[in-house]
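Worksheet: the structure to be examined is printed underneath.
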Amino acid sequence: MTVAAEVAAVGGTMIVGSTGFIGRFVAEACLDSGRPTFLLVRSFHHSATLSSLRHKGALLIPGSINDQDLMEKVLRDHKIEVVISAVGGESILDQLVLIHAIKSVGTVKRFLPSEFGHDIDRADPVEPGLAMYKEKRMVRRAIEEAGIPYTYICCNSIAAWPYHDNTHPADVIPPLDRFHIYGDGSVKAYFVAGNDIGKFTIKSIDDDRTVNKSVHFQPKCNLLNMNELASLWEKKLGHTLPRVTITEDDLLAAAEKMCIPESIVASFTHDIFIKGCQINYALDKPTDVEVMSLYPDASFRTIDECFDDFLAKISVASVVVDKRASGDAIFSPNAPTVVDKVTTKDTIFSPVAVDKRANEDTNFSPNAPIVVDKAAAEDTIFSPNNGTEALAITTTCS
Numbered sequence: 008m009t010v011a012a013e014v015a016a017v018g019g020t021m022i023v024g025s026t027g028f029i030g031r032f033v034a035e036a037c038l039d040s041g042r043p044t045f046l047l048v049r050s051f052h053h054s055a056t057l058s059s060l061r062h063k064g065a066l067l068i069p070g071s072i073n074d075q076d077l078m079e080k081v082l083r084d085h086k087i088e089v090v091i092s093a094v095g096g097e098s099i100l101d102q103l104v105l106i107h108a109i110k111s112v113g114t115v116k117r118f119l120p121s122e123f124g125h126d127i128d129r130a131d132p133v134e135p136g137l138a139m140y141k142e143k144r145m146v147r148r149a150i151e152e153a154g155i156p157y158t159y160i161c162c163n164s165i166a167a168w169p170y171h172d173n174t175h176p177a178d179v180i181p182p183l184d185r186f187h188i189y190g191d192g193s194v195k196a197y198f199v200a201g202n203d204i205g206k207f208t209i210k211s212i213d214d215d216r217t218v219n220k221s222v223h224f225q226p227k228c229n230l231l232n233m234n235e236l237a238s239l240w241e242k243k244l245g246h247t248l249p250r251v252t253i254t255e256d257d258l259l260a261a262a263e264k265m266c267i268p269e270s271i272v273a274s275f276t277h278d279i280f281i282k283g284c285q286i287n288y289a290l291d292k293p294t295d296v297e298v299m300s301l302y303p304d305a306s307f308r309t310i311d312e313c314f315d316d317f318l319a320k321i322s323v324a325s326v327v328v329d330k331r332a333s334g335d336a337i338f339s340p341n342a343p344t345v346v347d348k349v350t351t352k353d354t355i356f357s358p359v360a361v362d363k364r365a366n367e368d369t370n371f372s373p374n375a376p377i378v379v380d381k382a383a384a385e386d387t388i389f390s391p392n393n394g395t396e397a398l399a400i401t402t403t404c405s
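Take the sequence shown: its position 78, counting from 1, is numbered 85 in my numbering, and each next residue is one higher.
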């Protein structure tokens, strides 16, 4: 059988939430694998992410997962065999309707619900993070009761500086002014680049060893604590930065404010860097598999290389482009200066981070003038001190 015939023989993969931070990496990896890729979108709005994915061959399907009749029709009409959900926290329980549709159609060979973090049956964060985990547990139990083949992706943390008081998720640069160290900074966590999350997620859907399993991402090369992260970033910058301790009480107080999503992120930060939720258990269940045991010849991008990429972005900041000369961008050379969005049109730099729905348009706010290429950042705003997740960087470790 030729490669083309093999690809043609593969059923469709439908991805929900493809414009979100994790979803876009999963969608790109799916397209790179040659699988027929369908993206469920609520509307055909202008989005740089959607435009890029369409250019690579993705087919867009308008609709919502909380419409069971429509979902059944989509699954049948497009011969969908794999469904991957990367919906945000506000849509977790909408997956229950999707589960009913998958069960009714009966032709879906694998369902990956929106997880992409901790093992929610083991982690026990304080509220309001716990409420989200309880919803995700409801989705897990519904999948299992329906008898739908599943894979749970437990990829732990994103390879970036872990901010605790931000809108989640976003693309961010590590601190340029001072570090916030959680507790004594000694509790370790696993950091995984977005491209690797996408790559190994797509590998798992064709692997019989991952059916009805939780796939854990635990790259030893990226097992670091806050003090180690800070020292690594200082090495990249070439100078030290002040370190400010954020105590357990500080994180708990931030969580108790019930300011969404900031309090959710604070509760998860407490669970990771105070309670050690990523390292305080063994993979001793029959449903546990570790991704490197499945693919020992594969490699992960290192946090060291991720920081190199962030450093490159800062280096670009040394170039200040005048809008009258370039026509594409306005730069505020001495932030904090708010640049009028009306005059910038394509690129906005603001000292106040702005969250946008489903992370379709990502916002950045620099501490220095940063030049962003219009083609690459069409509707992108940068904020170095806002967000918990960062764009994946190319490098390797095994």
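Backbone N, C-alpha and C fix where the C-beta goes; we use that ideal spot for every residue, glycine too.
DSSP, reduced to helix, strand and coil, places residue 26 outside both helices and strands of the structure shown, so it counts as coil. Leaving aside the five residues that flank residue 212 on each side, the residues in its chain whose CB is nearer than 6 Å to its CB run, in chain order, 89, 117. Residue 66 sits exposed, since fewer than 16 C-beta atoms from the chains shown fall within 10 Å of its C-beta. Annotation for residue 263: the continuous alpha helix (DSSP H) segment containing it runs 255-263. Under the three-state reduction of DSSP output, residue 74 falls in the coil class, being neither helix nor strand.
Only exposed fits residue 242, as fewer than 16 other CB atoms lie within 10 angstroms of its CB. Annotated as distal: residue 285 and residue 166, with beta-carbon spacing of 7 Å or more. Closest option to residue 151, judged by alpha-carbon separation, among 96, 219, 41, 288: 219. It is roughly 13 Å from the alpha-carbon of residue 289 to the alpha-carbon of residue 128.
For residue 166, the secondary structure class from DSSP, reduced to helix, strand or coil, is coil.
Within the stretch 37-98, the complete beta strand (DSSP E) runs of at least 3 residues fall at 44-48, 66-69, 87-92. For residue 111, the uninterrupted alpha helix (DSSP H) segment begins and ends at 102-112. Distances from the alpha-carbon of residue 237 to those of 95, 278, 64, 188 put 188 closest.
Between residue 322 and the set 28, 180, 305, the nearest pair of CA atoms involves 180. One thing to note: residue 164 has its Cβ no nearer than 7 Å to the Cβ of residue 120. Residue 221 is a Cβ neighbour of residue 161, given a cutoff of 7 Å.
A residue is called buried once 16 or more other Cβ atoms fall within 10 Å of its Cβ, and residue 69, having fewer, is exposed. Residue 294 and residue 247 have their C-alpha atoms some 44 Å from each other.
For a cut-off of 8 Å, the C-beta gap from residue 87 to residue 94 is around 16 Å, too long to register as a contact. The beta carbons of residue 75 and residue 146 sit about 15 Å from each other, so the pair does not count as a contact at 8 Å. Looking only at 255, 107, 58, 183, the smallest Cα-Cα distance to residue 77 is reached by 107.
No Cβ-Cβ contact shorter than 7 Å links residue 29 with residue 136. For residue 313 and residue 229, the gap between their C-alpha atoms comes out near 11 Å. Contact check for residue 155 against residue 99 fails: the beta carbons are separated by 7 Å or more. In the displayed model, residue 252 falls within a strand according to three-state DSSP.
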